[in-house]
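Contents: one structure, followed by commentary.
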Amino acid sequence: MRKYSIFAVAREAMRGHRGWDKQWRSPEPKKSYDVIIVGAGGHGLGTAYYLAKEHGITNVAVIEKGWLGGGNTGRNTTIIRSNYLYDESAALYDHAVKLWDGLSQDLNYNVMYSPRGVMMLAHNVHDVQVFKRHIHANRLNGVDNEWLTPGEAKDYCPPLNISKTARYPVMGAALQRRGGTARHDAVAWGYARAASDLGVDIIQNCEVTGVRRGVNGAVEGVETSRGFIGARKVGVVAAGNTTTIMDMAGVRMPLESYPLQALVSEPVKPIFPCVVMSNTVHAYISQSDKGELVIGAGTDQYTSYSQTGGLHILSHTLDAICEMFPIFTRMRMLRSWGGIVDVTPDRSPILSKTPVPGLFVNCGWGTGGFKATPGSAHVFAHTIARDEPHAINAPFSLDRFRSGRLIDEAAAAAVAH
Amino acid sequence: MLLIHCPYCGEDRPELEFRHAGEAHVVRPDPISEISDEEFEAYFFIRDNPKGLTYERWRHMHGCARFFNAVRDTVSDKFVTTYKAGNPKVEIERGEDGIARVKGDGQ
Amino acid sequence: MSGTNRIAGKGRLVPARTVSFTFDGRRLTGVEGDTLASALIANGIHLTGRSFKYHRPRGILSAGPEEPNALIDISRSSNTHTPNVRATVQEVFEGMTAQSQNRWPSLSFDVGAVNNLFSPIFAAGFYYKTFMWPKAAWKHFYEPNIRAAAGLGVSPKEPDPDRYANRFIHCDVLVVGGGIAGLIAARAAAETGASVVVCDEQPELGGALHHEIDTRIDGQEGFVWAQEIGSELAGMDNVRVLTRTTAFAYQAQNMVDLVERVSEHFANPDKLVPRERLWQVRARRVIVATGAIERHMVFAQNDRPGIMLASAARTYLNHYGVAVGSNVAVYTANDSAYRAAFDLKQAGIAVPVIVDARSDVDAGLLAEAEALGIQVLTDHAVVDTKGGLRLKSVRIERVGGGKSRTVEADALIMSAGWTPTLHLYSQSRAKVVWDEESARFLPGKAVQEMVTIGACNGTDALDALLEEAANAGMEAARLAGFAGASGYRAPDAESLTSRRGALMGAAPGAGPETTVKAFVDYQNDVTAKDIRLAVREGMHSIEHVKRFTTNGMATDQGKTSNIHGLAIAADMLDKPIPQVGLTTFRLPYTPVTFGAIVNHGRDRLFDPTRKTAIHKSHEALGAVFEDVGQWKRPWYYPKAGETMHAAVDRECRTVRETAGLFDASTLGKIEVVGPDAAKFLDLIYTNGWQKLAPGRCKYGIMLREDGFIYDDGVVGRIAEDRFHVTTTTGGAPRVLHHMEDYLQTEFPDLRVWLTSTTDQWSVIAVQGPKAREIIAPFVEGIDISNEAIPHMSVREGTVCGAPARLFRMSFTGELGFEVNVPADYGRAVWDALWARAQDLGACTYGTETMHVLRAEKGYIIVGQDTDGTVTADDAGLSWAVAKSKPDFVGIRGMKRPDLVASGRKQLVGLLTADPKQVLEEGAQIVADPNQPVPMKMIGHVTSSYWSENCGRSIAMAVVADGRALMGKTLYVPMPHEVIKVEVTDTVFFDKEGDRING
């Protein structure tokens, strides 16, 4: 693989950029592989990369029904943070943040990880209690998260309205300075390029239509729109489409798929220096390097695979944005889009072996999977390679719904009394 | 915003009046206290989540307040039919034109 | 004179109605009805902006919403700045301030243009390949600099003074687009009596008739006909005509969203008039008549100011009476540009040459050109242009090479053909189909109740279009239930304009063998070679190409560039265009103001504010309020100069020493009525209700099916078949929903009816030793002696003459009553009770004091001391879970392995070693404070207060196996110290519990 650097760019500039290689190969599928990953999003491509890099398993294919990075990887608002409450979640997401820091250098691909800080606003006494609980737990887990007064929050994010007469005044904020954003497409492309270079076959426009199991029940490979492809192990990393794939293997999942929308404004000069989230007024926002305000909306209430949702959901989100940042009412929505998010009953992911030997599943990231991409991929590769979970993802097993050992961050936030 | 036919009110009303209430025809085991952990998991957590026709519940929250069932295509978000809670699961067939209809309704 | 390029006798504006405005500080004159673009061109100004990446000087490309270049900051005052406004859409108004963007220090001398010199480096996607070392430099150096260079306009900095409005409407037929096709369809549908809405984004109806002066309908100029039919339609009761109104979203089930620009074109809009209005239209049938958008030619240096679309030049001339130059060259692959050339020539403007990339051109057009004295070069290409801030000349070559010639020109108008506007059609989730013959994507099969007509449907011939439109209108009405035969007959019409011919992708001379800068996406500075580079690097999906190059991602969303980009990629991939495929059309069609979408949902109306019936009395008493869900609840009642801390201490002391009044109206209340009411509650709550006698109350907890605590509250039995259920304040709606769910779908045979009565009752808690004395004079029909109404009882009678349910209950551990009266009486009863309470030395108290008092007694608050992961046993409430009931919600879930495992966190009390020290709520608890991070946390503090009555701090916490740790010492590590705590039971005050029996 040719190394990317400013020198390489300058050399290419002198000859019209005609010397660049393809970033990834587009091979025909082989008859069989050691491991097949279903789904070429960030988590799937990353899994293939770490399988090759850390476990020496290079006979790997990543199969994608559309184009790589075209699912939720390319449709999210790119927020990265790890200030989760429970030890299990904090360990998983902080593992990811540690990998984000240095991912560009590791992949030799600028994923533009930008730790510009994620600030979560508290609007009532209950929020304050919940956020402080997070901050204390994070501190003892070694995860940075600090409390800001309304004035400090405004200093950190000048467009913020901290007026006491607001409908829901800001009572303070929790700030994780290592939180931030990254360039979503670059994450998919960087993993794809690095994995391809290590020998991984990325097969796009190839839809999985069946999962073949042998007489002993173990996985033998997948049927696809381009024929059968054998594999000793199959890892399903298909986000909103996980239920569909797992049904093919005869495994029923505790998942529901919902539409999640997001939007960007027209680009403007830097006005918004960090990421702001508010659970109470319900919106999140940052500004991209291109200058667009990137705004996340909530899910629609019904399950859907349509990748669209209702305008009333976007409207509710913009209400919230303009409530927190009244200067933005004259800004304009440039583009909106939808993804399909797979949600588990406890809103925590599943990174797990399954009852089917050789079949592994990584799903249930709901609305927040992007931030975990490197960490998720890293421990999932471990799980597939060793046939047992990494200590970090052991609690995120599929059988927790039987035992009741849930990791319910949302329930822990409870509701106002 | 979806437009939903409430089988109790007999009217098409905007989605804002309704609240989605999860998968339909999930029967609460009786007696529930006797079931195994596996059965509880299957009842409470496992969901069909189909890509295509789904049987789901809605409640006409800001209307008659009744729960009812619906069949909807999760790819197009189009409703095939809605029917009262407690009624048996309606059978759906796809015509040659690819359009899903209640079995027996014909073209 | 409103500009030197205004042609006397041309256009439809009234020259005398001048409008004065400024552009970059320069005072200019336009005419009423001008867009900012037409007014600038009239004044000889084409240079209106700088491109995103290279800061190249850019002029006005179009005369419509597809404009990529002329993006301007518009304002009428310091708080009305709007960035990135398309000059081709914005109408000028008296006093308008227009400023160019993305340049420093000025538009004509922009330091950022140095980027253009580095453009060989700044190829598509270059930033993914560099800026990686040293690692910290991305955050501290590269990214801040990239961000500062990016962006176009400047965000508003002050709150918006304008209003926005919203309407929901239904109609039988919605027609999107008020060109010929749309107007005929609307007229045909309206004739049947169907309710019709027709919308168009321009100020006047007519669409392409704005520039097509050769189109004659019913014997008159098409534009004139359009205005007449428009006023006819507007005069019909069943028709609504909306101009300046853009349909921007096509949603499920024929919901189409429109945004109307109501007052942005007025000099001094009335403050009561909204700036914009959102229309959310639910239509039985939709007719999409959105026309087509002309494409530019992709050739070397095709971006100089003065280079624009041919139809735009024709619009400026024929509608605005403005010449886009004095010497206008033409470059085309489409017939329609000839008509523009002819109009210009006939208006007296020099047209030195028509360069046509095609070899086969209609003989009639060539003859007409010759007759007008215009030189036509077929099979030729423009291969280069010159000019700094304005086009000076173009260089022309025969296709395939040869000797070139240079032609002077101050404008070049161009057409590579027309792209049907399929945004709305595609948003409706229908698929587009490639039409090989006409080389364009056309609508396929509609999937909603919708039809496409006219140019967006690929219907070029005028006769066919007229018939198609009239039929569509009548058919839509018929399908909407208006069967009556429409008497409508389409008008006679004729036109000379032809739109034959198309060129997609790079024009001759800008092919893969060249390295010229031929712009595909002007705003984002995407050239043909950028797209080729993307393909070479393996970006084979059109979505990858789009994201890698940013083609089509600018504020115009690729209206002119997407098809070109696709064609260039297809060429590189050696695949047919339809196999490469289009990117998805997403809402909105054009950018939509946040304010229009938010409309009334701002400030006070962001979310409803719920106030109790007694709110005004709390205000009069100086209460500070707390937001609890949508409610405003009194938090505490400070006396003059009193801190919150002092007020709460005083309130806490007073309640226990004397008494206090508390507004508990926000508690959720549900009336459960029917012969099976007790049976139903048995299923919903963990404890039993059959044996509860009428007139008595009981504390109940309810679980979710998974066994975790869902809500709690006191329930009073009013009669055999009637219960008064209370819930937590936040829980009221979801508890009712939960109950209805089980009642309607799991236990439908039970004869029970549920009614929310939260807002029907005002609830005044009177708590403290003097509670009885306070209420005594006001109560009639109820014996309130201790024996007659013991703790946990309810009686009906009157209080202050109002019908009342009087509860004897307590959330403070004191003798207490809760007076429930109909909300209309709430304030009067409160005021009466307060007058007496005050005389007796009692106080009013708020939620904070309520929290402290209940914590002193170890009463939990669901949602604070429990969250959604706490079982009844965890909370020490096993006593409230019936052992003998065969069924209740949660009976199975609570027995799952992890819910009965050892090591669960249990509710306990905590006392700090230093009684003065108050723990922080949410603080974490460890057994060993000296362990390294990450520490093993065994619990956290759920409630913590200074207790004036105990004379020390108190706290509640959940701690792993906490009940087995009574008397043990644990630790709460804080940032700067470790606090030692002792585990205790949860009752801190009046452990015997005598006070409650008063």
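Chains as they are written, first to last, in UniProt numbering: chain A, 1 to 417; chain B, 1 to 107; chain C, 1 to 998. Backbone N, C-alpha and C fix where the C-beta goes; we use that ideal spot for every residue, glycine too. Every value quoted in this text rests on a predicted model; they were computed, and no experiment measured them.
Host alpha helix (DSSP H) of residue i (start-end)
i: Cys652(C); result: 644-657
i: Ala439(C); result: Note, Ala439(C): premise wrong, no alpha helix (DSSP H); not H, not E.
i: Ile938(C); result: No alpha helix (DSSP H) holds Ile938(C); DSSP gives it neither H nor E.
Per-residue burial, residue i [other beta carbons within 10 Å of its own, 16 or more giving buried]
i: Lys164(A); result: exposed
i: Val114(C); result: exposed
i: His417(A); result: Annotation note: pLDDT 38 at His417(A) (below 50); position unreliable, no value reported.
i: Arg651(C); result: A small correction: the amino acid at residue 651(C) is Glu; Arg does not occupy that position in the sequence shown. By the 10 Å Cβ count, Glu651(C) comes out buried.
i: Lys31(A); result: exposed
i: Thr643(C); result: exposed
i: Trp104(C); result: exposed
i: Ser884(C); result: exposed
i: Ser225(A); result: exposed
i: Ser78(C); result: exposed
i: Arg314(C); result: buried
Residue i versus residue j - alpha carbon distance
i: Asp556(C); j: Ala901(C); result: 60 Å
i: Val298(C); j: Val330(C); result: 14 Å
i: Glu11(B); j: His5(B); result: 5 Å
i: Ala394(A); j: Thr383(A); result: 9 Å
i: Arg602(C); j: Leu148(A); result: 26 Å
i: Ile784(C); j: Leu736(C); result: 32 Å
i: Ala182(A); j: Arg116(A); result: 10 Å
i: residue 1000(C); j: Asn302(C); result: Within the shown structure, residues of chain C are numbered from 1 to 998, placing residue 1000(C) beyond reach of any answer.
i: His20(B); j: Arg57(B); result: 6 Å
Chain A contact for residue i (CB, 7 Å cutoff)
i: Ser444(C); result: In the sequence on display, residue 444(C) carries Gly and not Ser. Closer than 7 Å: no.
i: Glu543(C); result: yes
i: residue 999(C); result: As shown, chain C starts at 1 and ends at 998. That puts residue 999(C) outside it, with no answer to give.
i: Val71(B); result: no
i: Ala234(C); result: no
i: Arg13(B); result: no
N-terminal and C-terminal residue of the beta strand (DSSP E) that residue i is part of
i: Val394(C); result: 393-398
i: Lys639(C); result: That residue, Lys639(C), is in no beta strand (DSSP E); it is neither H nor E in DSSP.
Residue i at chain C interface by Cβ criterion, 7 Å
i: Met324(A); result: no
i: Gln107(B); result: At Gln107(B) the pLDDT is 48, less than 50, meaning the model places this residue with poor confidence and gives no usable figure here.
i: Leu398(A); result: no
i: Ser36(B); result: no
i: Ile32(B); result: yes
CB contact below 7 Å: residue i versus chain B
i: Thr745(C); result: yes
i: Arg896(C); result: yes
i: Arg892(C); result: yes
**Request:** Give, in chain order, every unbroken run of the beta strand (DSSP E) that is at least 3 residues long and sits entirely within the region 115-198 of chain A.
**Result:** 118-122, 146-148, 172-176
**Request:** Pick out the complete alpha helix (DSSP H) segments inside the region 145-174 of chain C, 4 residues or longer, and give them in chain order.
**Result:** none
**Message:** Please give me, in chain order, every unbroken run of the beta strand (DSSP E) with length at least 3 that falls completely inside the UniProt domain "Rhodanese" (35-79) of chain A.
**Reply:** 60-63
**Request:** Please go through the region 856-881 of chain C and give each complete beta strand (DSSP E) segment of 3 or more residues, from N-terminal end onward.
**Result:** none
**Item:** Every unbroken beta strand (DSSP E) inside the region 770-821 of chain C [3 residues or more]
**Value:** 793-799, 802-808
**Request:** Output the residue ranges of the beta strand (DSSP E) runs that lie fully inside the region 926-989 of chain C and measure 3 residues or longer, sorted by chain position.
**Result:** 939-947, 952-960, 969-973, 978-984
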